[in-house]
Amino acid sequence: MYEPRQGEPVRRFAVGDLSCVVISDGRFAPPWEPSLSDFFTPASGVPERELRDAVEAEGVGRTTVPCGYNCLYVETSAGSALIDTGLGRSFLGYGPEVSPMVGRLDERLAAVGLAPSDLAAVVFTHLHEDHARGAVWPGEPAFPGATPYAHAAEVAFWSDAACSAPADQRAPAREAIRVFGERLRAFEYGAEILPHVRTIEAAGHTPGHTAVLLESRGERLLCVGDSFHDRLQLSHLAWRTPWDLDAERSVLSRRRLLAWAADETMLVHAYHLPFPGLGLVRRRGDAFEWRPVPSPAG
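Under our numbering, the first residue of the sequence shown carries the number 2, and numbering increases by one thereafter.
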């Protein structure tokens, strides 16, 4: 496999015998970074004063969320899997100015020597557009040899004609389900998708939201999907976002996963933290803190 150079938006590492690569689908550069006040709103249970106080306590004076799109590739003895797929090329949902900033997954897969045909599986933590569109953006499967997997509750929820989620979430999820058709495999929590790749209950953000555990030779990585979007949600565990469909359950899932990762010193992959989204979680009083894994020297 191609060895990325320092500074490139790919990060190669291992979990036991599993070869892994974090591949950035891109990020929104200033001034297009999303606002903190859009992520954490009074309507989602975060009073404006509480948000201001938390930002002041950080001491960095930021007003935005440095939101990444960190897709995870893993090689196993039975084939390779991609966990989440980004926004896909020609994404105009946020306007033409930001379209070139995201949808870079396919070119960066090629940069690490991978072709779409190399994938055996694509595993979705959930079917929101920024996780699934990269697999269906051409109007057909972008990885034609890969079997797509999503939790059974996720597939059922978005397929239901009575689904009450916002239209801008419903339409992309239903499009992904339509494009995959009968190839889409619905799993339950605890399923082993490929050897050493197991699904973990993380519902709340969406009904079938899923974490993924990689485990090999005593080493583990917990891929948490959208269990949190920003490091402030580790120090403020009750903070939700407008995109958490079951707010209370999302908080319970976040607490459980963070406690597990902290108490067992697991490496964590966070889809939306700044690239590469790899770090450790430490307890800090009644909450937690994020410690990024340093970049390798080179």
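Ideal placement from N, C-alpha and C gives every residue a C-beta, glycine not left out.
Test item: CB-CB of residue i and residue j under 8 Å
i	j	result
serine 81	tyrosine 70	no
proline 173	alanine 79	no
aspartate 85	cysteine 72	yes
glycine 209	histidine 152	yes
arginine 124	tryptophan 33	Checking the sequence, you will find valine at residue 124 rather than arginine. No, the pair does not count as a contact, with Cβ atoms beyond the cut-off.
threonine 77	valine 225	no
glycine 114	glycine 104	no
arginine 218	methionine 267	no
serine 160	isoleucine 178	yes
proline 117	phenylalanine 144	yes
valine 23	histidine 230	no
phenylalanine 41	tryptophan 240	yes
leucine 106	glycine 135	yes
CA nearest to the CA of residue i, picked from the options
i	options	result
threonine 242	Arg50, Ala44, Glu98	Ala44
tyrosine 150	Gly114, Arg109, Ala192	Ala192
leucine 235	Ser20, Glu59, Ile24	Glu59
proline 167	Leu37, Asp245, Gly27	Asp245
glutamate 155	Pro117, Pro277, Leu128	Leu128
aspartate 325	Leu214, Leu83, Ala157	Not covered by the structure: residue 325. The range shown for the chain is 2 to 299.
serine 20	Phe276, Pro275, Leu215	Leu215
valine 180	Ala212, Ala187, Trp138, Thr211	Trp138
aspartate 301	Leu52, Ala30, Val23	Limits of the chain in this structure are 2 at one end and 299 at the other, which puts residue 301 out of reach.
tyrosine 190	Val56, Thr126, Asp131	Thr126
leucine 274	Gly286, Trp291, Leu258	Trp291
leucine 93	Phe158, Asp131, Ala122, Val56	Asp131
threonine 64	Ala55, Glu57, Leu37, Gly140	Leu37
arginine 284	Leu259, Gly278, Ser296	Leu259
alanine 157	Asp169, Ala187, Tyr95	Ala187
alanine 288	Leu233, Thr200, Ser296, Glu265	Leu233
alanine 212	Val56, Tyr272, Asp169	Tyr272
Per DSSP, cross-strand counterpart(s) of residue i
i	result
alanine 291	According to the sequence displayed, residue 291 carries tryptophan and not alanine. The partner list for tryptophan 291 (beta bridge, DSSP) reads Val282.
isoleucine 84	Leu73, Val124
isoleucine 201	Ala212
proline 149	Val123
leucine 19	Val16
histidine 132	Histidine 132 is not bridged to any residue.
threonine 65	Ser36
glycine 191	None, per the DSSP bridge assignment.
valine 269	Leu223, Gly280
valine 103	Gly27
arginine 184	Partner(s): none; arginine 184 has no beta bridge.
valine 56	DSSP, once it has assigned bridges, lists no residue as partnering valine 56.
valine 113	According to DSSP, valine 113 bridges with nothing at all.
serine 217	Glu220
valine 11	Ile24
Inter-residue CB distance, residue i and residue j (contact presumed, cutoff 8 Å)
i	j	result
alanine 263	valine 282	4 Å
leucine 120	alanine 147	4 Å
arginine 255	leucine 238	6 Å
leucine 279	arginine 13	With a Cβ gap of about 11 Å, leucine 279 and arginine 13 do not count as contacting.
aspartate 10	phenylalanine 276	Going by the sequence as given, residue 10 is proline instead of aspartate. The Cβ separation is near 6 Å, so the contact holds.
isoleucine 194	alanine 122	6 Å
Cβ of residue i within 8 Å of any chain D Cβ
i	result
leucine 73	Protein chains in the displayed structure number just one, and chain D is not present.
Can you confirm whether the stretch 239-255 touches the stretch 198-211 when touching is taken to mean that 3 or more C-beta pairs between the two stretches lie within less than 8 Å?
yes
Using 8 Å as the threshold, is the stretch 34-50 in touch with the stretch 108-124, meaning 3 or more CB pairs across them?
no
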